[in-house]
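Under mature numbering (1 follows the signal peptide of the UniProt record, and there is no 0), the residues of the sequence shown are numbered -21 to -1, 1 to 1051, in order. Glycine included, every Cβ here is placed at the ideal spot set by N, Cα and C. Note sheet for the following structure.
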Amino acid sequence: MVHPTISVSIMLAGLSLTAKASNLQYTVPSSVPRDAIPLDCTPVGVSMEFFMWPSYMTNITPPMQCISRFTDIYGEKMPIRIGGTTQDRATYDPSFDGYVSYTVANPLDAPDTLTYGPRFWDLINVHEGETILGFNRGDDNQNNTYLAVVDAKERVLSNLWAVELGNEPDVYLLQDKPDAVSPWNASQEGADAADWAQGFIDAWQSPLPILTAGSYAVAYTDNPEWPNTDYLIDTAYNDAVKAAVRVYVGHLYAAPPGNNTLATEMNHAKTVSDLSVYADRVATAASVNRSFILGTQHPLHPFTAEKETLTDQCWPLCCVAGETNFHPFDVDMDATFGAALQTLDKSLRAVTLGIKRLFFHQGTINQALFNWWSDNQINAPFYGGYFAALALAGGDHIVELDSGSNSYAQYVIYRQGRPTKVVLLNTDYYSGSGERTSISITLDGLVSSKVKALRMTAMSSDVTTNRNGTYPTIGGQYFSDVDCSSIGALKYESTTASRGGYPPTLAITGATLTSKWIEGSNYTQVVEMVITNSNKQNYLTLADTLSITVESDSLITVVPGTLTRLAPSQSAVVQVGVQNKPGVTPGSTCQAAVVATYGTQYGPAITTNETISGPCGFGSYSASVSSVDYHWNPDWFNEVKFGIFIHWGLYSAPAYGSVAPNEDYAEWYWRRQHEPTYKTKTYQYHLQTYGENFNYDQFMSNFTDSNFDPQAWVDLIAAAGAKYFVPVTKHHDGFALFNFSTSISQRSSIHYGPKRDLIGDLLAAAKQYHPEIRRGTYFSLPEWYNPAYEKYAFGDFGLPNQNPYTNATIPYTGYVEVEDFVADIQVPQMEQLAYTYDTEIMWCDIGGANDMVNFASAWLNWATQQGRQVTFNNRCGIQGDFDTPEYTTNSGTVSRKWESNRGMDPFSFGYNYQTPLSSYLTGNDIIQSLVDITSKNGNFLLDIGPMHDGTIPQIMQTGLRNAGSWLQTHGEGIYSTRYWSVTPGLNNFRYTTTQNAFYIFYLQAPPSQLVIPDPVPWLPGDTITVLGGSQNGTVLSASKNTSGNLVLNLSSAIISGDQYVWGFKIAYTSTW
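Below you can see the structure in the form of structure tokens.
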């Protein structure tokens, strides 16, 4: 995975002339770290002093103009708070026609009492943003407060985000507020807060939650009982009150009163220390699933901020940098550029603690130096708030890189799992005189070769706005005092990053010279291996330029191997195509090294290798188990995934297997007829239905081809989405449906019943009408009652052919006397299927006596010469190429290829007329099974049982066609996929992979936010789309949650637009 490295020289302030600053180096994590904090959509807001609210809205220009700048950044209105000390001095008069009324001796004073009316609320609707609205608790007049609350609800509910009852109740006693009775301790205040909250609930009714709770002044006072948040949650509030609370609240002052200097207050280490006391308050609120607000109301120092936690997430903006260039002015620290830097730092540091929305308090106009604006100018602290919003807006996560122990802060903001912004903040005080000292900061891990920086700076830490024509600037621009517009040309500092990398750590295991060749090639041999990325953090991506080759004196690499994506601690199968060098005998043993090379785009080549030995090219198989066991199932068999099994034969005439719970395979009718105590009661059924003298072979006259339509059969197979089929050519009853020499046997459909080559016609129709469908043949190695098998008898096979009721010996219809069953019947019949019928899958059953080693070696040699890749299962008497669990599946991934087979009937392959229609598999059942099996490296061979005359029951056809309709739009996530090395998926999740995509399947209708529980290999920049259904191809929005899980956001149209199984595709389009 490629990342550039950029070395940025930053001018630092506050260093002495003799100081020698060391260089700093930080690694920007390439994906969201576990300790990153989710961000709110509108993280920086303002708080308006209660009595000043109408003046800010109507009497001066800057506030609303500057607030609109934040709206431009966020794409939505800036959040505000209306409250402060004077909310606890306000009396509501519903008949008052003005905004607010009060009397003061000096215009810069705050009133001791004030009256406000309904028009006060109307200004909130003018702003139209989320608003926290404060009400009077301190004067202990619940009736008046609740009257105001109810009126506010009627007028501004759509913009009312929270209601605050009282401001800083911990200092009520110091303010002589009527609500506080000495000694006004934590238990008193908690009980009073609970009483007020309950009164509010009674007056307000709904919607809830909407209350704030707490609003305490500081985190540290002389009274250790304050703040009181824990007491409210643990003791004072009952469940109803806690349910009505939206956020818990505290206020922050930069430091206790003292003689701290601007140099002390603006320092990053001081900011980290001030905010550290709030970590436990955030955790306490989170313990009851609520957020926590911090806010300041009075300017002890300039960096007053009010903050709250929410749960929303949005997307980020740009990469930003901050530092100061300086020239001194002798003014109070509240209005300085140092205050702007501290406002920025406090904002970013706060959100890394889980405090996600900040409200900076605005006091009396032209009196409070910490204000962002006065009546005719934009003040320096506004620059810090604006820059903080610019940095945070749109981000979904943030993490702090620095230790918090010095003057230099580094924050990384993420969007969709990718770092998109880095904030570098220098908080050293600089007076503006003396030589400026520089420091070099190296950032490893940025994801673009071009990096641009936006710088906030001023001539000194002491700069205030509009003094001798000096302003702070952001990208060379400053804000107009008239309308808050930007003046000057915006300048970004750009740098070309030096190429760096975060390479994966790859290893090759299990490399093998296989018996496969690349389909359609000139015998390009497949070397197959597993590539594992053992790195705990770094992905393998296209940027790593992985190339896997084979180095050997005997082989040349024709098709190098590669991978598009491999996540940390994950594995994938990779293939390389090779051919023998001139003069190397096909099949001769040779040695080679499989070499993986990567990382050349960003540095010296990284290599890893594994030595292998094996057959080079394709020699001849010998008649030995070890030679035949070397055979691999071809890749096409892994790609087809879904096949149709067909059980049609004499057993289709009686078509009986009883019903659940006593049902058994209907194709075992003849054998069960001989077992009087067997659960199906076939012995009794046959006697009652046909009589004791009706022998099984007499069903030959009932077995017809009157409705057998080979083209319709293969059309149905194609419509079902199946890519191969396997008809039964001969079952255990020995009745074959294909042609062979009469010297072998005459027990077949050629000579009895339909007197037709049923298999030949079916395979011919498939070749003609659907040549893309692979063709296999089922073949039972033993027979129940063939006289020639008696010497090999075992279990149910090689038994005497007797009437089960009279014990009379019965002729075995069509039997031809032979010397040996295996040599004279079994092998010749298999040879017919292999060489005359061109089967691609020899699907044996039962095992028992056989000559599979000789047959398989000859067949595989012939197929290789013909350029055909064939396969056989594990029931032929030897290991075979794939396993075949029956009416069951594997609970997890099995790396050896396997194929689950079962019928659409609940427990029969052959047609069972007693099975209720409601018991057959539906389209939903088929797809659920197929997705599950595919995710575990299996194929699904689904059986249909035609009736005695060749009719495929409509219930089976309907299920198959419904499954096929689903596969038409979802098939790319099924066919030609591989299993995921991590997990097939649990519960409702299943996964598959390809070279260029990853597929997520959900086995029922998904929720609107689908949280993927497993570490899927998604990277920012990948394209996630709906797979299948009416919304096929719709691009989805996605993000990582705080636990690092991918979250898909699904509309109602997507949820309602599919059926059976919902699919989603992650296309590896990221440029990482």
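Residue interval of the alpha helix (DSSP H) (run including residue i)
| i | result |
| --- | --- |
| residue 255 | 247 to 255 |
| residue 590 | Per DSSP, residue 590 belongs to no alpha helix (DSSP H); it is in the beta strand (DSSP E), 585 to 595. |
| residue 717 | No alpha helix (DSSP H) holds residue 717; DSSP gives it neither H nor E. |
| residue 853 | Counting along the chain, residue 853 falls outside any alpha helix (DSSP H), and DSSP gives it neither H nor E. |
| residue 906 | 902 to 914 |
| residue 266 | 258 to 266 |
| residue 113 | Not the alpha helix (DSSP H): residue 113 falls in the beta strand (DSSP E), residues 110 to 114. |
| residue 1019 | Per DSSP, residue 1019 belongs to no alpha helix (DSSP H); it is in the beta strand (DSSP E), 1016 to 1019. |
Residue i in three-state terms, based on DSSP
| i | result |
| --- | --- |
| residue 469 | coil |
| residue 606 | helix |
| residue 921 | strand |
| residue 886 | coil |
| residue 533 | coil |
| residue 762 | coil |
| residue 158 | coil |
| residue 1029 | coil |
| residue 341 | strand |
| residue 55 | coil |
| residue 800 | helix |
| residue 506 | strand |
| residue 994 | coil |
| residue 64 | helix |
Range of the contiguous beta strand (DSSP E) that encloses residue i
| i | result |
| --- | --- |
| residue 376 | 376 to 379 |
| residue 706 | 703 to 709 |
| residue 405 | 397 to 405 |
| residue 776 | Looking at the DSSP string, residue 776 is not in any beta strand (DSSP E), and its letter there is neither H nor E. |
| residue 492 | 485 to 496 |
| residue 554 | 549 to 559 |
| residue 190 | 190 to 195 |
| residue 622 | 621 to 625 |
| residue 1003 | 1002 to 1006 |
| residue 95 | 93 to 95 |
Reference residue i, options the options, closest by Cα
| i | options | result |
| --- | --- | --- |
| residue 650 | 243, 999, 778, 877 | 778 |
| residue 711 | 626, 533, 535, 755 | 626 |
| residue 562 | 547, 596, 586 | 596 |
| residue 550 | 1049, 570, 513 | 513 |
| residue 343 | 834, 744, 63, 996 | 63 |
| residue 169 | 796, 144, 404 | 144 |
| residue 834 | 847, 311, 827, 802 | 802 |
| residue 471 | 435, 679, 439, 482 | 435 |
| residue 719 | 812, 753, 667 | 812 |
| residue 116 | 193, 75, 88 | 193 |
| residue 775 | 541, 764, 783 | 764 |
| residue 1067 | 153, 185, 398, 313 | Residue 1067 lies beyond the residue range present for the chain, which begins at -21 and ends at 1051; the question has no answer from this structure. |
| residue 646 | 509, 587, 922 | 922 |
| residue 166 | 212, 137, 459, 133 | 212 |
| residue 380 | 34, 1049, 402 | 402 |
Contacts around residue i, its chain only, beta-carbon distance under 7 Å, and the 5 residues preceding and following it disregarded
| i | result |
| --- | --- |
| residue 462 | 40, 44 |
| residue 908 | 919 |
| residue 615 | 498, 753, 848 |
| residue 1036 | 1008, 1009, 1010 |
| residue 1 | Model confidence at residue 1 stands at a pLDDT of 47, short of 50, so the residue's coordinates are unreliable; what they give is reported in the following sentence. Same-chain partners within the cutoff: there are none. |
Beta-carbon separation (whole angstroms), residue i vs residue j, contact threshold 8 Å
| i | j | result |
| --- | --- | --- |
| residue 370 | residue 400 | 6 Å |
| residue 934 | residue 958 | So it is not a contact: roughly 32 Å between Cβ atoms. |
| residue 983 | residue 967 | 6 Å |
| residue 220 | residue 189 | Going by Cβ atoms, the distance from residue 220 to residue 189 rounds to 12 Å, so no, they are not a contact pair. |
Cβ of residue i within 8 Å of any chain B Cβ
| i | result |
| --- | --- |
| residue 178 | Note that chain B does not occur in the displayed structure, where there is just one protein chain. |
Cβ-based neighbour list, residue i, same chain, cut-off 8 Å, excluding 5 preceding and 5 following
| i | result |
| --- | --- |
| residue 862 | 852, 853, 873, 875, 876, 877, 878 |
Proximal residues to residue i (C-beta, below 6 Å), its chain only, five neighbours per side dropped
| i | result |
| --- | --- |
| residue 124 | 114, 115 |
| residue 491 | 507 |
| residue 612 | 850, 860, 861, 876 |
| residue 698 | 940, 943 |
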